[in-house]
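Residue numbers (the numbering used here), protein chains in the order written: chain A, 402 to 546; chain B, 2 to 397.
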Ligand SMILES: [Zn+2]
């Protein structure tokens, strides 16, 4: 049976190398500040508009804060089936704090300070039967009760 | 730069007015401000409109020229300024500069808005652009505006031990203040139990802890000292006025971004903190001199976090201040005697102007039903989409 195909919700935000997912961001060529998503220039005024080059970020981080959205967002958000879900801010070791959907635990069960792991998971299945993937963070396995 | 005075203030009540065109709301507010000053339309020397993406002739938001074409074709200079919710504060700043620079003797700032229903969406017709974070936050994770405040609120609970009851008490205070304000949309008192019983929108924040969206309009007329004395209005000086943008390393995750680059020690919500610091320095005053503050309470989180950010109390102290009545009308540092965004609902461009109207009414002793006793110095602080900040300091 052929593997079901999947597509990213938006091109260029994450990739998989040797089976390992990572977010694709950028790193300032002058001061080393990391950004997500990719961008052309560093905004540190000390860098005077220095270029930022693509870089892979993650896949581990620490949960800075989280919330559960109880009401369905506007239709541009194509989660299907929809249910209340958690969104969090995750501090990556590169110094960038990334917003993401959270997974791997019940919506209200997350804890600030937990080690988190990047996962690519489907938001929905599109009309061609492909999984539409977005990036999420889940508690690192050994920390799940 | 010459001193600038408040000549008149006025507002249209907040609510939902689908049958009233935006320009009519603006004319109502500016007309009220002109009457308050004892002036007519023909006396205006300049007009600044606070503009947003939600509505407005020609697609560029409320436009000063459009208002003049509908009421008085004066040939005067106009400015149209943006900055999301901060646009009203930015408009007062621009108007003050028109007076201070010698360009105008009398000039006005006006904001008027009719908001779309529900979660604030993307501008109509926006392209799906993968480099636009306002596209990414919707399509990739469905992050609504309330979730940004919820993430701050949850973090505060972790750092300072703020409880859900304390957040609810902040909502109770805002609604209690609004009972005395006929301009507010929500004027019924509520209890902590009622707030906690309202549905969770984005945990830990509930419906009564988040500002709704409303329609409304407000206007401020500024002028020289000689104009103020000639008109015989109460002498309220625009002692400080400043705008600012965000600083590198600010840990705030701003709507509609999906990441931030926090630098240790960098100030939070720096666009507002910086604007307030500049306005205070211009006025030659410190936080201890301020008798009341009107701050942008998009949620109950701001009611606690911003008085700390503005220097009215130490980080983590606001919970104690609130629960001991120090943010009340007769407390040490009254917060939002108007009732704030939580009691008005956000009418984007009008919000920063309403704040300055309220400061003027308070300093004149005209804030019947919500008066801060003996108020001599009032400060506004407002945040606009992205990283726009503005702050106005009035002194009687
Ligand atoms: Zn740099």
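Don't be surprised by glycine CBs; every beta carbon is placed ideally from N, CA and C. In this text the structure is predicted, and so the values were computed from the model without any measurement.
With ligand 1 as the reference, list in chain order each residue whose Cβ lies under 6 angstroms from any of its heavy atoms.
A/429, A/431, A/432, A/434, A/443, A/445, A/448 and A/451
Residue 310 of chain B CB to nearest chain A CB: under 8 angstroms?
Translated into the one-based positions of the second chain, residue 310 of chain B becomes position 309. Chain A contact via Cβ: absent.
Residue burial classification, residue 97 of chain B (beta-carbon count within 10 angstroms, cutoff 16):
Along the second chain, read from residue 1 onward, the residue named residue 97 of chain B stands at position 96. It is buried - the Cβ of residue 97 of chain B has at least 16 other Cβ atoms within 10 Å.
From the DSSP output, read off the bridge partner residues of residue 523 of chain A.
Walking along the first chain from the start, residue 523 of chain A turns up at place 122. Per DSSP, A/534.
Contact between the stretch 409-425 of chain A and the stretch 135-145 of chain B (3+ Cβ pairs under 8 angstroms)
yes
When the Cα of residue 68 of chain B is compared with those of B/55, B/104, B/36 and B/110, which residue comes out closest?
Reading the second chain from its first residue, position 67 is the one you call residue 68 of chain B. Nearest option by C-alpha distance: B/110.
By DSSP, does residue 248 of chain B sit in helix, in strand, or in coil?
Mapped onto the second chain, residue 248 of chain B falls at position 247. Coil at residue 248 of chain B, not helix or strand.
Start-end ranges of the alpha helix (DSSP H) lying completely within the stretch 145-208 of chain B, minimum 4 residues
146-161, 165-179 and 193-198
Evaluate residue 202 of chain B with the Cβ neighbour count: other Cβ atoms within 10 Å of its Cβ, from every protein chain shown; 16 or more gives buried, anything less gives exposed.
Position 201 of the second chain holds residue 202 of chain B. Looking at its Cβ environment, which holds 16 or more other Cβ atoms inside 10 Å, residue 202 of chain B is buried.
Roughly how many whole angstroms lie between the Cα atoms of residue 455 of chain A and residue 263 of chain B?
The residue given as residue 455 of chain A occupies position 54 in the first chain. The residue given as residue 263 of chain B occupies position 262 in the second chain. Take the alpha-carbon of residue 455 of chain A and the one of residue 263 of chain B: they are about 20 angstroms apart.
Can you name the residues of chain B whose CB is closer than 7 angstroms to the CB of residue 497 of chain A?
Within the first chain, numbered from 1, the residue matching residue 497 of chain A stands at position 96. What residue 497 of chain A touches in chain B: 260 and 262.
State yes or no: is the beta carbon of residue 142 of chain B nearer than 8 angstroms to at least one beta carbon in chain A?
Residue numbering aside, residue 142 of chain B sits at position 141 when the second chain is read from its first letter. Residue 142 of chain B counts as touching chain A.
So, residue 23 of chain B versus residue 115 of chain B, is the Cβ gap smaller than 8 angstroms?
Reading the second chain from its first residue, position 22 is the one you call residue 23 of chain B. Reading the second chain from its first residue, position 114 is the one you call residue 115 of chain B. Cβ atoms of residue 23 of chain B and residue 115 of chain B: closer than 8 angstroms.
For residue 433 of chain A and residue 13 of chain B, the rounded distance between their alpha carbons:
Position 12 of the second chain, counting from 1, holds the residue named residue 13 of chain B. Position 32 of the first chain, counting from 1, holds the residue named residue 433 of chain A. Straight-line Cα distance between these residues: approximately 51 angstroms.
Within the continuous beta strand (DSSP E) that includes residue 392 of chain B, where are the two ends?
As a working note, residue 392 of chain B is residue 391 in the second chain. Looking at the DSSP string, the run of the beta strand (DSSP E) that includes residue 392 of chain B is 389-396.
I believe residue 281 of chain B touches residue 308 of chain B by the beta-carbon criterion, under 8 angstroms. Please report the beta-carbon distance rounded to the nearest angstrom.
Locating residue 281 of chain B in the second chain gives position 280, counting from the first residue. Locating residue 308 of chain B in the second chain gives position 307, counting from the first residue. Not really, about 14 angstroms apart at Cβ, beyond 8 angstroms.
Opposing strand residues paired with residue 540 of chain A [DSSP bridges]
In the first chain, the residue the question calls residue 540 of chain A occupies position 139. For residue 540 of chain A, which the question treats as bridged, DSSP gives the partners A/517.
Near-chain A residues of the stretch 196-226 of chain B - C-beta to any C-beta below 9 angstroms:
200, 201, 202, 203, 204, 205 and 206
Is the shortest distance between the beta-carbon of residue 477 of chain A and the beta-carbons of chain B less than 8 angstroms?
Stepping through the first chain from its first residue, residue 477 of chain A is reached at position 76. Under the 8 angstroms criterion on CB atoms, residue 477 of chain A is classed as interfacial with respect to chain B.
Give me whichever residues DSSP pairs with residue 418 of chain A in a beta bridge.
The sequence position of residue 418 of chain A within the first chain is 17, counting from 1. Looking at the DSSP assignment, residue 418 of chain A forms a beta bridge with A/421.
Local Cβ density within 10 Å of residue 420 of chain B, reported as buried at 16 or more and exposed below that:
Here chain B comprises residues numbered 2 to 397, so residue 420 of chain B is not present and cannot be evaluated.
Does the distance from the C-beta atom of residue 391 of chain B to that of residue 244 of chain B stay below 8 angstroms?
The sequence position of residue 391 of chain B within the second chain is 390, counting from 1. The sequence position of residue 244 of chain B within the second chain is 243, counting from 1. The answer is yes: Cβ separation under 8 angstroms.
Is residue 327 of chain B buried or exposed, if buried means 16 or more other CB atoms sit within 10 Å of its CB?
In the second chain, the residue the question calls residue 327 of chain B occupies position 326. Residue 327 of chain B is buried by the Cβ-count criterion.
Can you tell which of B/124, B/170 and B/91 has the C-alpha that lies nearest to the C-alpha of residue 320 of chain B?
Here residue 320 of chain B refers to the residue found at position 319 when the second chain is read from its first residue. Minimum Cα distance to residue 320 of chain B is reached at B/170.
For residue 467 of chain A, which residues does DSSP report across the bridge?
Taking the first residue of the first chain as 1, we reach residue 467 of chain A at position 66. The partner list for residue 467 of chain A (beta bridge, DSSP) reads A/489.
So, are the CB atoms of residue 173 of chain B and residue 293 of chain B less than 8 angstroms apart?
Position 172 of the second chain, counted from the start, is the residue given in the question as residue 173 of chain B. Position 292 of the second chain, counted from the start, is the residue given in the question as residue 293 of chain B. Cβ atoms of residue 173 of chain B and residue 293 of chain B: not closer than 8 angstroms.
Got a sec? Which residues, its chain only, sit under 8 angstroms from residue 148 of chain B by beta carbon, not counting five neighbours each side?
Locating residue 148 of chain B in the second chain gives position 147, where the first residue counts as 1. Excluding positions up to five away in sequence, the list reads 203.
Counting only C-beta atoms, is residue 117 of chain B closer than 8 angstroms to chain A at any point?
Taking the first residue of the second chain as 1, we reach residue 117 of chain B at position 116. With respect to chain A, the C-beta atom of residue 117 of chain B has no partner C-beta closer than 8 angstroms.
Could you check whether the stretch 36-51 of chain B touches the stretch 90-108 of chain B, counting it as contact only if at least three pairs of C-beta atoms, one from each stretch, sit closer than 8 angstroms?
Short answer: they touch.
For the stretch 145-165 of chain B, enumerate the residues whose C-beta is nearer than 7 angstroms to any C-beta of chain A, in chain order.
145, 148, 151, 152, 155, 156 and 159
Any beta-carbon of chain B closer than 8 angstroms to the one on residue 535 of chain A?
Counting from 1 along the first chain, the entry for residue 535 of chain A is found at position 134. Residue contact with chain B for residue 535 of chain A: present (Cβ-Cβ distance below 8 angstroms to some residue of chain B).
Contact set for residue 402 of chain A: own chain, Cβ-Cβ below 7 angstroms, skip 5 residues either direction:
Here residue 402 of chain A refers to the residue found at position 1 when the first chain is read from its first residue. At residue 402 of chain A the pLDDT is 47, less than 50, meaning the model places this residue with poor confidence and gives no usable figure here.
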